[in-house]
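Note sheet for the following structure.
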């Protein structure tokens with residue numbers, strides 16, 4: 029259990045949050061929600077003790093361990109992917125050395141009844157328990173399993189970290205956390221750099237995670253599938269709901285409606301009492317009653333409506349200059365990284381005023397294609413921008429387009445021209461994107477992911493461009509900001525090319541779809557829903573994993589066709605033999621469990637009564653037997669599951 033006790037954090041004299049308290053229990057799955065800049069990431073840093081408090085405290089017991097995935101990396105590793113992942117076991121290696129040192133002390137000391145000796149034994153027990161949690165089986169095998177689940181291929185495990193983008197390096201950091209299994213896992217936007225299959229793998233992994241989880245995410249489906257509790261930060265306060273995200277929205281609305289009804293009833297009551305007091309306070313016969321009413325009224329607890337922050341960005345893109353009919357044309361385009369051929373022979377054409385979505389399973393080359401003409405990557409074939417086309421590019425990782433060493437205001441000043449050079453106009457623009465006066469002097473590098481996204485959008489308004497190219501523009505935006513961006517893009521009179529996994533965002537926005545599939549590109553006319561209907565997919569999660577589902581379905585159908593409607597005699601015989609074998613295994617495991625439990629109970633009895641002998645061997649044996657019991661229990665569960673399937 030971890031306690032957040034009346035904490036307050038302020039910046040430049042303004043409270044980010046004030047006097048907030050809550051507990052994190054051992055199996056909580058908490059979704060931390062609120063608008064960009066509400067303080068979600070700061071709260072995680074407070075828990076990690078990376079952010080100073082103005083008041084209050086965070087209580088973390090000695091047997092708790094914390095793991096934190098930040099939105100951004102602050103180091104560069106020269107190791108291979110696998111080597112970097114295996115560095116997560118440095119804690120286990122350190123613990124083993126410390127346990128060895130304590131064992132040596134216990135063997136050589138004779139002050140068995142001293143407090144220092146007791147403390148050593150207690151410390152040894154804690155270290156053994158922690159080692160049991162993080163030291164499971166073969167480290168390299170575990171690391172490979174998690175890295176493959178997060179989308180790496182076996183070949184990529186031997187590549188240097190420096191050969192990968194920031195997003196892929198983030199996956200390695202996530203893998204390291206999952207390997208050490210802290211008792212509290214703090215994840216700040218873990219899905220931003222994952223493709224759909226990796227997100228689904230992570231959902232399944234977290235659903236069986238043994239510790240507590242607190243996460244920040246704007247992916248509603250991910251929150252619903254993983255969390256069982258929602259803590260909302262709004263205007264410096266927290267509101268705690270014991271449900272996942274979608275149900276939290278319903279409960280929040282019901283709570284506000286109930287408060288409004290109760291407030292109205294209370295206000296009607298207060299007005300009624302005040303009329304009575306005003307009418308009769310001057311009359312001698314009623315003065316006593318009026319005074320009594322006034323005392324009752326003074327004691328009434330006035331109902332306050334919980335704060336709801338309805339602020340959102342408000343903007344529209346500047347009028348686009350007229351371009352030629354063909355805005356972008358790709359002819360026989362191919363891109364490879366060594367022997368990895370991302371796509372070949374891509375031919376497509378985008379015309380003036382079209383709003384185009386690039387979709388497909390991750391790794392098929394959508395973002396790579398954008399980089400060919402936005403970041404001057406080398407490729408084969410030709411990509412031509414049309415007559416009078418001027419382009420604005422919104423990168424998936426904002427470090428690619430923002431100078432993180434200057435302030436928010438300087439970012440705008442450096443690009444502002446004509447009427448935007450007026451200081452008050454620039455500050456007004458930033459205010460429209462929810463930057464307060466104090467925020468404008470902050471360095472870009474200290475901004476949250478959502479704040480950087482809003483700043484990148486603000487930059488796009490300073491110059492008129494007739495082609496907007498946007499790579500995952502909704503990644504760091506809260507729901508209200510997503511809606512305002514979509515509204516602005518719908519009103520935009522230029523051409524739009526967008527990569528996004530967010531179906532709600534694309535629905536009604538685009539009128540043409542290019543699907544990247546198996547190294548080729550296919551064109552579909554019409555809105556995104558028409559494209560999905562052709563694929564018989566309700567959402568991108570289903571679409572982007574449909575290839576995998578189809579192969580599984582085909583495999584299943586092949587098996588069905590190759591089998592008869594009734595089991596053959598031989599099949600029944602084999603099934604019966606397997607059932608008997610599994611039953612024997614279950615019985616064998618149960619006997620072993622009973623035996624180990626008896627041995628552990630006997631050891632605990634000896635430890636409780638030992639006085640003049642060195643008990644270090646007893647503690648070591650107890651730890652070994654406990655770990656053996658866990659392993660046998662796990663085998664018993666697996667065997668039982670196999671038996672149930674039969």
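In our numbering, the protein residues as written are 29 to 674.
Think of the CB as a built atom: it goes at the ideal place given N, C-alpha and C, for glycine as much as any other residue.
Residue-level contact to chain C via CB, residue i, 7 Å cutoff
i: residue 376; result: Among the protein chains of the structure shown there is no chain C, as only one such chain exists.
Whole-angstrom distance between residue j and residue i, CA atom to CA atom
i: residue 195; j: residue 467; result: 27 Å
i: residue 402; j: residue 85; result: 47 Å
i: residue 311; j: residue 264; result: 48 Å
i: residue 154; j: residue 474; result: 37 Å
i: residue 551; j: residue 541; result: 6 Å
i: residue 614; j: residue 429; result: 60 Å
i: residue 490; j: residue 537; result: 23 Å
i: residue 191; j: residue 406; result: 16 Å
i: residue 354; j: residue 497; result: 15 Å
i: residue 188; j: residue 367; result: 17 Å
i: residue 543; j: residue 450; result: 44 Å
i: residue 46; j: residue 32; result: 12 Å
i: residue 592; j: residue 548; result: Model confidence at residue 592 stands at a pLDDT of 47, short of 50, so the residue's coordinates are unreliable; what they give is reported in the following sentence. Computed Cα separation, rounded: 40 Å.
i: residue 521; j: residue 49; result: 48 Å
i: residue 41; j: residue 70; result: 16 Å
i: residue 512; j: residue 37; result: 29 Å
i: residue 117; j: residue 347; result: 55 Å
i: residue 580; j: residue 55; result: In this predicted model, residue 580 has a pLDDT of only 48, less than 50, meaning its place in the structure is not dependable; the value taken from the coordinates is given anyway. Distance between the alpha carbons of residue 580 and residue 55 is about 33 Å.
i: residue 376; j: residue 558; result: 19 Å
i: residue 66; j: residue 34; result: 17 Å
i: residue 284; j: residue 277; result: 11 Å
i: residue 465; j: residue 208; result: 42 Å
i: residue 124; j: residue 89; result: 21 Å
i: residue 146; j: residue 152; result: 10 Å
Residue i CB to nearest heavy atom of the ligand FMN below 6 Å
i: residue 619; result: This structure lacks the ligand FMN; in fact it carries no ligand of any kind.
Bridge partner(s) assigned by DSSP for residue i
i: residue 362; result: 408
i: residue 432; result: Answer is none; residue 432 lacks a bridge partner.
i: residue 85; result: 33
i: residue 377; result: 357
i: residue 260; result: 61 and 267
i: residue 369; result: 364
i: residue 548; result: 545
i: residue 42; result: 39
i: residue 498; result: 422 and 526
i: residue 384; result: 525 and 540
i: residue 95; result: 213
i: residue 50; result: 32
i: residue 553; result: 540
Cβ-based burial, residue i [other Cβ within 10 Å; buried from 16]
i: residue 388; result: buried
i: residue 414; result: buried
i: residue 182; result: exposed
i: residue 504; result: buried
i: residue 303; result: exposed
i: residue 514; result: buried
i: residue 675; result: This structure does not reach residue 675, given that the chain is present from 29 up to 674, and the question cannot be answered.
i: residue 68; result: buried
i: residue 203; result: buried
i: residue 477; result: buried
i: residue 486; result: buried
Under 7 Å between C-beta atoms of residue i and residue j
i: residue 500; j: residue 525; result: no
i: residue 227; j: residue 58; result: no
i: residue 234; j: residue 97; result: no
i: residue 63; j: residue 506; result: yes
i: residue 170; j: residue 349; result: no
i: residue 252; j: residue 219; result: no
i: residue 357; j: residue 396; result: no
i: residue 268; j: residue 99; result: no
i: residue 305; j: residue 318; result: yes
i: residue 385; j: residue 553; result: no
i: residue 291; j: residue 212; result: no
i: residue 454; j: residue 440; result: yes
i: residue 113; j: residue 176; result: no
Supposed close pair residue i, residue j - CB separation, criterion 8 Å
i: residue 392; j: residue 545; result: 6 Å
i: residue 360; j: residue 409; result: 4 Å
i: residue 472; j: residue 432; result: 5 Å
i: residue 60; j: residue 120; result: Wrong, their Cβ atoms sit about 29 Å apart, outside the cutoff.
i: residue 52; j: residue 243; result: Not quite, the Cβ-Cβ distance comes to about 12 Å (not below 8 Å), so this is no contact.
i: residue 341; j: residue 461; result: 5 Å
i: residue 628; j: residue 664; result: Rounded, the Cβ-Cβ distance is 16 Å, inconsistent with contact.
i: residue 523; j: residue 469; result: About 36 Å; that fails the 8 Å criterion.
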